[in-house]
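S.K.: From first to last, the protein sequence lines are chains A and B. Throughout the first sequence, residue numbering follows the numbering used here, covering 1 to 287 in sequence. Throughout the second sequence, residue numbering follows the numbering used here, covering 288 to 605 in sequence. Using N, Cα and C, we set each Cβ at its ideal position, and we do this for glycine too.
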Amino acid sequence: MVAHVIPQPLSTLETRDRPVNQISEFKFSVPVSTHEPAGRSVKVSAKGVTVHYGDKQAIFPLNVEIADKSVTAFIGPSGCGKSTFLRCVNRMNDMIPSCRVGGQLFMDGANIYDKSVDPVRLRARVGMVFQKPNPFPKTIYENVAYGPRIHGLSRSRGELDEIVKTSLEKAGLFGEVKDRLHDSGTGLSGGQQQRLCIARAIAVNPEVILMDEPCSALDPIATAKIEELIDELRENYCIIIVTHSMQQAARVSQRTAFFHLGNLVEEGETTQIFTNPGDERTQNYIT
Amino acid sequence: MAITYGTGVPESKATSSEEFDRRLRRRRRSEFIFACLGLLATSVGLFALAILVIDLAMTGLQRLDVSFFTNYPSRRAGQAGILSAWVGSLLVTIVTGLVGVPLGVSAAIYLEEYAPTNWMTNIIEINVSNLAGVPSIVYGLLALGLFIYGFGTGRSILTAGLTLGLLILPIIIVATREALRAVPSSLREAAYGVGATQWQVTKDHVLPAAMPGVLTGVIIGISRALGETAPLVTIGALSFIAFLPPSPITLEFPFISFAWLFEGFTVLPIQAFNWVSRPGHDFQTNAAAAGLVLLAITLLLNGVAIYFRYRLRKRLQW
C-alpha cells in the first residue's frame with residue numbers, strides 16, 4: 001500500500017540496497033567460481049565508491065567486483081555514471097578540480113585512492129583507450145614508444161624497437177604500418193588510429209585496460225576488428241569497456257554491469273544480464 | 288497536363304508571394320551595403336598604410352646604401368649612418384627576448400596548467416591582461432626607479448633589455464595561455480593515460496602542440512619591443528653614439544665577454560626621432576631611411592615567424 005503512495009523514496013531505497021545485496025551474493029559465489037574452468041580472480045573491487053562533481057552527486061555508493069582476465073562491459077543510458085566510474089579506476093578524475101571521489105576502490109587488494117598511491121604509478125598499471133582515437137601528433141613509432149620510454153622499460157634502442165613491434169602486433173596493426181613506422185600516427189584511418197591507441201596502452205604492459213566507448217567513432221568494419229582484438233587481449237588483461245551498443249556488450253564481454261542514474265543496478269554474467277535480468281530497469285533498457 | 292517552360296526552379300507557396308519577393312530584395316540590398324562598407328573600411332586602412340610606406344620609401348630609399356649601415360651618426364647628414372643604432376637595436380632585442388620569452392612562457396605554463404583555479408589566479412589573470420595595456424612610459428619610469436637607482440645597472444643595454452622584457456611579458460603570457468588553452472584535452476588525457484607526469488605531459492605534448500601560437504606571441508612581443516622609444520628615452524638611452532659596445536667574443540680566455548651588456552646604447556627609433564627633430568632636409572631623409580630599415584626588420588621578423596609557424600603546423604598533423 002505504502003509503496004503506491006510514495007513510490008519515489010522506495011525506489012531509491014531499493015537502488016541503494018541492491019549493490020549491497022549484489023556484493024554479498026558475489027562474495028558467496030567467489031569460492032564456487034574458483035572451481036569453474038574459467039577460474040577468474042577479482043582484479044578490481046569497489047566498496048562504497050561515490051563521486052561528486054561539485055554539489056552534484058554522479059555516483060551513489062557503488063560496490064562491484066571486476067574479474068581479471070575477462071571483459072566487463074558497463075552499459076546504461078547517457079549520464080548514468082559508467083564513464084565516471086571507469087575514470088575512477090585509473091584516477092583520471094583527478095584532473096577535474098571539482099571532482100571528489102569517496103569510498104574505497106581496490107586493485108589487487110590495495111586501495112588506489114590511498115594517500116600513498118602515486119597516480120602516475122597507477123596509470124602505468126591501468127591503461128586507457130578513449131572514445132575518440134587520440135594518437136599523439138607524432139610518428140607511429142613514437143606513439144607506442146612514448147610510454148615505455150618515460151617508464152624506462154627498455155635499456156636499449158633494440159629493446160624499445162622490440163616493445164614497439166610486439167605492441168603493434170598485439171594490437172593487430174603491425175602488418176599495416178610496418179613500412180611506415182616513422183610516418184605520422186594521425187595520418188592513419190580512424191580504426192587504425194584506435195588500434196594504435198590500444199598498442200600505445202599495452203606497450204606499458206598494464207594489468208587493466210579501460211576502454212571508454214572505443215568504437216563509437218568507428219565504422220562497422222573497424223569496430224569488428226577492435227572487438228576481435230578485445231577478445232584476444234582478454235587472455236592477458238582485465239578489460240573494462242564502456243559501450244552504448246548492447247550488441248557490442250553481448251559480443252565481447254563475459255560480465256556486464258548496468259548503470260542507471262548514478263547507481264549500479266546490477267552486475268552479472270553477460271548472458272544472464274541479457275537473457276534474464278534481475279531488475280526491471282535493466283529489462284527496460286536492454287529491450 | 289500543362290507543361291510550363293522557362294520558369295527555372297519550381298516555386299513553392301512560401302517563396303511565390305509578393306511579400307517574400309519584397310523582403311528578399313531588401314535582404315539582398317542590406318547584404319550589398321554591408322559588403323561595400325566593409326570594402327571601404329579595409330581600403331581606408333590599406334590606403335593609409337600604403338601612402339605611409341610609399342612616402343617613406345620616396346624620401347628615404349635614395350639614402351639606403353652600404354655606408355648608411357656602416358657609418359656612425361655624424362653632424363654631416365650625408366655621412367651619418369645607423370651603425371650604432373642597428374647594433375643597439377639588435378643587442379637590446381636579444382636581451383629582451385632572453386628575458387621576456389622564458390619568463391613569459393614559464394609563467395603562462397604555470398598559470399594555465401599548474402595553478403589552481405581560484406580567486407587569486409583570477410585576479411592575476413585580469414591583471415596580466417591589463418598589464419599588456421599599460422603605457423610603455425610607465426615601464427620606463429619603473430625601470431628608472433628599480434634597475435637604475437635600485438640595482439644600479441646604469442643606462443645600459445642590460446637595463447633596456449630588462450625593461451623591454453618586462454614590457455613584452457604580458458603579451459607573451461596572454462598569447463601563450465591562449466595557445467595552451469587551444470590544445471585539445473584529448474591530447475592531455477592520452478599522455479596522462481600512459482602514465483606521464485604533469486611536467487612530461489606539458490613539455491612532451493602540450494607545449495609542442497601550442498608552439499605555433501607561442502611563437503606568434505613571441506614575435507608580436509619582439510616587434511613591439513623593436514619599435515619602443517619612450518621607455519628607453521626614460522632610462523637614458525643616448526641619441527648620439529659614435530662607438531660600438533665591446534664584442535661579446537674575445538680573443539683571450541674565456542672568449543666570451545658580457546661587457547657589452549653594461550654599455551650605453553641607442554636604438555633605431557631613437558636615432559630616427561633624433562634626426563627628425565633636426566632642422567635641414569638631409570636629416571629628414573636619414574630619418575625616413577632609418578624608418579624604412581625598422582619597417583623592413585619588423586616585416587622580416589614576422590616573415591620568419593610565419594615560416595616557422597607554417598613548418599610547425601605541418602609537422603603537427605591532427
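Measuring CA to CA, which of Q349/B, G480/B, G439/B and G500/B is closest to F595/B?
M.R.: As a first step, residue 595/B must be located in the second sequence, where it is residue number 308. Closest option to F595/B, Cα to Cα, is G500/B.
S.K.: What are the boundary residues of the alpha helix (DSSP H) that includes F258/A?
M.R.: Residue 258/A sits at position 258 when you count from the first residue of the first sequence. Note, F258/A: premise wrong, no alpha helix (DSSP H); beta strand (DSSP E) at R255 to H260.
S.K.: Less than 7 Å separating the Cβ of T450/B from some heavy atom of the ligand NAP?
M.R.: This structure does not include the ligand NAP; it has no bound ligands of any sort.
S.K.: Sorted by chain position, which residues of the same chain lie with C-beta nearer than 6 Å to N143/A's C-beta, five sequence neighbours on each side aside?
M.R.: Counting from 1 along the first sequence, the entry for residue 143/A is found at position 143. Within the same chain, N143/A has close Cβ partners P135, F136, G185, L196 and R200.
S.K.: Throw me the rounded Cβ distance for the Q131/A and D212/A pair, which I believe falls under 8 Å.
M.R.: Residue 131/A sits at position 131 when you count from the first residue of the first sequence. Residue 212/A sits at position 212 when you count from the first residue of the first sequence. At roughly 5 Å, the Cβ-Cβ gap stays under 8 Å, so Q131/A and D212/A are in contact.
S.K.: Going by DSSP in three states, K490/B sits in which element: helix, strand or coil?
M.R.: Locating residue 490/B in the second sequence gives position 203, where the first residue counts as 1. Of the three classes helix, strand and coil, the one that applies to K490/B here is helix, per DSSP.
S.K.: If we define contact as Cβ-Cβ less than 8 Å, is G152/A a contact residue for chain B?
M.R.: Numbered from its first residue, the first sequence carries residue 152/A at position 152. No - not a single Cβ of chain B is within 8 Å of the one on G152/A.
S.K.: Is T489/B close to chain A, meaning its C-beta is less than 8 Å from at least one C-beta of that chain?
M.R.: Working through the second sequence from its first residue, we reach residue 489/B at position 202. Judged by the 8 Å Cβ criterion, T489/B is not in contact with chain A.
S.K.: Does the Cβ of G79/A have 16 or more other Cβ atoms within 10 Å, making it buried, or fewer, making it exposed?
M.R.: On the first sequence, residue 79/A is found 79 positions in, with the first residue counted as 1. So G79/A counts as exposed.
S.K.: Compute the Euclidean distance between the alpha carbons of S354/B and P360/B, then round it to the nearest angstrom.
M.R.: In the second sequence, residue 354/B corresponds to position 67, counting from 1. In the second sequence, residue 360/B corresponds to position 73, counting from 1. Rounded to the nearest angstrom, the two C-alpha atoms are 11 Å apart.
S.K.: Near G391/B, which residues of its chain fall below 6 Å by C-beta distance, leaving aside the five closest residues on each side in sequence?
M.R.: Residue mapping note: residue 391/B aligns to position 104 of the second sequence, counting from 1. Hits under 6 Å: L456, I459 and I460.
S.K.: So what does DSSP say about H52/A, is it helix, strand or coil?
M.R.: Residue mapping note: residue 52/A aligns to position 52 of the first sequence, counting from 1. Three-state DSSP puts H52/A in a strand.
S.K.: What is the DSSP secondary structure of C197/A, reduced to helix, strand or coil?
M.R.: By one-based count along the first sequence, residue 197/A stands at place 197. In the structure shown, C197/A sits in a helix (DSSP, three-state: H, G or I).
S.K.: Less than 8 Å separating the beta-carbons of E269/A and F258/A?
M.R.: Working through the first sequence from its first residue, we reach residue 269/A at position 269. Working through the first sequence from its first residue, we reach residue 258/A at position 258. Going by C-beta atoms, E269/A is not nearer than 8 Å to F258/A.
S.K.: Check whether the Cβ atoms of I239/A and P214/A lie closer than 8 Å to each other.
M.R.: In the first sequence, counting from the first residue as 1, residue 239/A sits at position 239. In the first sequence, counting from the first residue as 1, residue 214/A sits at position 214. No. Outside cutoff.
S.K.: Can you name the residues of chain B whose CB is closer than 8 Å to the CB of M95/A?
M.R.: Here residue 95/A refers to the residue found at position 95 of the first sequence. By Cβ distance, chain B contributes R475, E476 and Y479.
S.K.: In terms of alpha-carbon separation, which member of E399/B, L513/B and G427/B lies closest to V415/B?
M.R.: Sequence index remark: in the second sequence, residue 415/B carries index 128 (1-based). If we check each option's Cα against that of V415/B, E399/B comes out closest.
S.K.: With H, G and I counted as helix, E and B as strand and the rest as coil, what does DSSP make of E207/A?
M.R.: If you number the first sequence from 1, residue 207/A lands on position 207. E207/A: coil per DSSP, three-state reduction.
S.K.: Name the DSSP bridge partner or partners of S45/A?
M.R.: Counting from one through the first sequence, the residue named residue 45/A turns up at place 45. DSSP output for S45/A lists E65/A and F106/A as bridge partner(s).
S.K.: What number of angstroms, rounded off, separates the C-alpha of L513/B from the C-alpha of R565/B?
M.R.: As a first step, residue 513/B must be located in the second sequence, where it is residue number 226. As a first step, residue 565/B must be located in the second sequence, where it is residue number 278. Cα to Cα, the separation comes out at about 23 Å.
S.K.: Three-state secondary structure (DSSP) at R90/A?
M.R.: Position 90 of the first sequence, counted from the start, is the residue given in the question as residue 90/A. Just to set this straight, residue 90/A is Asn in the shown sequence, not Arg. In the structure shown, N90/A sits in coil (DSSP, three-state: anything other than H, G, I, E or B).
S.K.: Buried or exposed for N409/B, please, with buried defined as at least 16 other CB atoms from any protein chain shown within 10 angstroms of its CB.
M.R.: Reading the second sequence from its first residue, position 122 is the one you call residue 409/B. Exposed, because fewer than 16 other Cβ atoms sit within 10 Å of the Cβ of N409/B.
S.K.: On the three-state DSSP scale, how would you describe A447/B?
M.R.: The count along the second sequence starts at 1 and reaches residue 447/B at position 160. Of the three classes helix, strand and coil, the one that applies to A447/B here is helix, per DSSP.
S.K.: Closest to L261/A by C-alpha separation, out of D68/A, E65/A, F85/A and S216/A, would be which residue?
M.R.: Within the first sequence, numbered from 1, the residue matching residue 261/A stands at position 261. Residue F85/A is the option with its Cα nearest to L261/A.
S.K.: With contact counted as at least three CB pairs below 8 Å, one residue from each stretch, are the region 341 to 355 of chain B and the region 576 to 592 of chain B in contact?
M.R.: Touching, per the Cβ criterion.
S.K.: Checking 8 Å against the spacing of the C-beta atoms, do L609/B and A447/B come in under that value?
M.R.: Because chain B spans 288 through 605 in this model, residue 609/B falls outside it and cannot be assessed.
S.K.: Report all residues from its chain with a CB closer than 8 Å to the CB of G368/B; omit the five preceding and five following residues, and keep chain order.
M.R.: Residue mapping note: residue 368/B aligns to position 81 of the second sequence, counting from 1. So the qualifying residues of the chain are S354, F355, F356, T357, N358, Y359, P360 and S361.
S.K.: Using CA coordinates, which residue listed in E306/B, A477/B, A395/B and R468/B is at the minimum distance from T505/B?
M.R.: The sequence position of residue 505/B within the second sequence is 218, counting from 1. Before going further, note that residue 505/B is Val rather than Thr in the sequence given. Minimum Cα distance to V505/B is reached at A395/B.
S.K.: Grab the span of the beta strand (DSSP E) containing I75/A for me, first residue to last.
M.R.: Within the first sequence, the letter at position 75 stands for residue 75/A. It spans V71 to I75 - the beta strand (DSSP E) in which I75/A sits, taken as one unbroken run.
S.K.: Could you tell me the distance, in whole angstroms, from the CA atom of V563/B to the CA atom of F570/B?
M.R.: The sequence position of residue 563/B within the second sequence is 276, counting from 1. The sequence position of residue 570/B within the second sequence is 283, counting from 1. The straight-line gap from Cα to Cα measures roughly 7 Å.
S.K.: Hey, out of V44/A, I59/A and K115/A, whose CA is closest to D108/A's CA?
M.R.: In the first sequence, the residue the question calls residue 108/A occupies position 108. Closest by alpha carbon: V44/A.
S.K.: Going straight from the alpha carbon of A469/B to that of H492/B, what length do you get?
M.R.: Here residue 469/B refers to the residue found at position 182 of the second sequence. Here residue 492/B refers to the residue found at position 205 of the second sequence. Answer to the nearest angstrom: the Cα atoms are 13 Å apart.
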